[in-house]
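Counting in my numbering, the sequence shown tops out at residue 150, every number present.
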Amino acid sequence: MFEILNTVEIAGEKLPVKCDFNVLQVLQEEFGTLREFEQKLIGLVPIKDSEGNIIYETDNEGNESMKFKTTEPSLKAIALVLPLMLKEGRRQADAQGDYTNKDFDYISAIKEADFDIVKLAIDLHTEYKRCYDRKKLKAHKSPATKTSR
Numbered sequence: 002m003f004e005i006l007n008t009v010e011i012a013g014e015k016l017p018v019k020c021d022f023n024v025l026q027v028l029q030e031e032f033g034t035l036r037e038f039e040q041k042l043i044g045l046v047p048i049k050d051s052e053g054n055i056i057y058e059t060d061n062e063g064n065e066s067m068k069f070k071t072t073e074p075s076l077k078a079i080a081l082v083l084p085l086m087l088k089e090g091r092r093q094a095d096a097q098g099d100y101t102n103k104d105f106d107y108i109s110a111i112k113e114a115d116f117d118i119v120k121l122a123i124d125l126h127t128e129y130k131r132c133y134d135r136k137k138l139k140a141h142k143s144p145a146t147k148t149s150r
């Protein structure tokens, strides 16, 4: 199956990235929840009261949600997910016969921080959401199991 892969730009090179079940599993193990990872990746920090409890707000329709402040993306989150997504992206592009950056040393480029951190976080988040939303959709579409009585 041919899949159009999302890319990230490092040192002027566009590299394919892919988030799959294996990547989600590592993220969940490292951060506790996928939501925690996502918040760190995009730089959202829950606002807490003086006792350390998360503050919630209610919208006009009565829906309650956490209150956040924005900060820079977590370098820890980027450092963990970037090699995972690059590895899966390269594997998928190779399988499709579409990997053109075989000689590019992305590890050196990452070490030299030759990229825009915020743009990279946004691109990684885009791929993460594509994978996560697809997995969630498939789970909801699975046929219900009938029980016999």
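Quick reminder that beta carbons are idealized off the backbone N, C-alpha and C, glycines included.
Would you call SER109 buried or exposed, if buried means 16 or more other Cβ atoms sit within 10 Å of its Cβ? Start at 1 with the first residue of the sequence shown, and residue 109 comes out as number 108. With fewer than 16 Cβ atoms within 10 Å of its Cβ, SER109 is classed as exposed.
Might you give, ordered along the chain, the residues of its own chain that have their beta carbon closer than 7 angstroms to the beta carbon of VAL9, omitting 5 neighbours on each side? Here residue 9 refers to the residue found at position 8 of the sequence shown. Only LEU16, VAL18, LEU121, ASP124 and LEU125 meet the Cβ criterion.
Could you compute how far the alpha carbon of GLU58 sits from the alpha carbon of PHE69? Here residue 58 is taken as the residue at index 57 of the sequence shown, counted from 1. Here residue 69 is taken as the residue at index 68 of the sequence shown, counted from 1. Going from the Cα of GLU58 to the Cα of PHE69 covers about 10 angstroms.
Buried or exposed, going by whether 16 or more other CB atoms sit within 10 Å of the CB of ALA80? In the sequence shown, residue 80 corresponds to position 79, counting from 1. The residue is exposed, with fewer than 16 neighbouring Cβ atoms inside 10 Å.
Ignore the nearest five residues each way along the sequence and tell me which others in LEU42's own chain have a CB closer than 8 angstroms to its CB. As a working mapping, residue 42 is identified with position 41 in the sequence shown. Correct list, in chain order: PRO74, SER75, ALA78, ILE79, VAL82, ALA122, LEU125, HIS126 and TYR129.
Beta-bridge pairing of PHE69 - partner residues as DSSP gives them: Within the sequence shown, residue 69 is the residue found at index 68, counting from 1. PHE69 is bridged to PRO47.
Under the assumption that LEU85 contacts VAL24 (Cβ atoms under 8 angstroms), give the Cβ distance between them as a whole number of angstroms. Along the sequence shown, read from residue 1 onward, the residue named residue 85 stands at position 84. Along the sequence shown, read from residue 1 onward, the residue named residue 24 stands at position 23. LEU85 to VAL24, Cβ: 5 angstroms. Contact.
Identify every residue that forms a DSSP beta bridge with THR8. Counting from one through the sequence shown, the residue named residue 8 turns up at place 7. Its beta-bridge partners are PRO17.
So, is GLY90 buried or exposed, given that buried needs 16 or more other C-beta atoms within 10 angstroms? Taking the first residue of the sequence shown as 1, we reach residue 90 at position 89. Buried, because 16 or more other Cβ atoms sit within 10 Å of the Cβ of GLY90.
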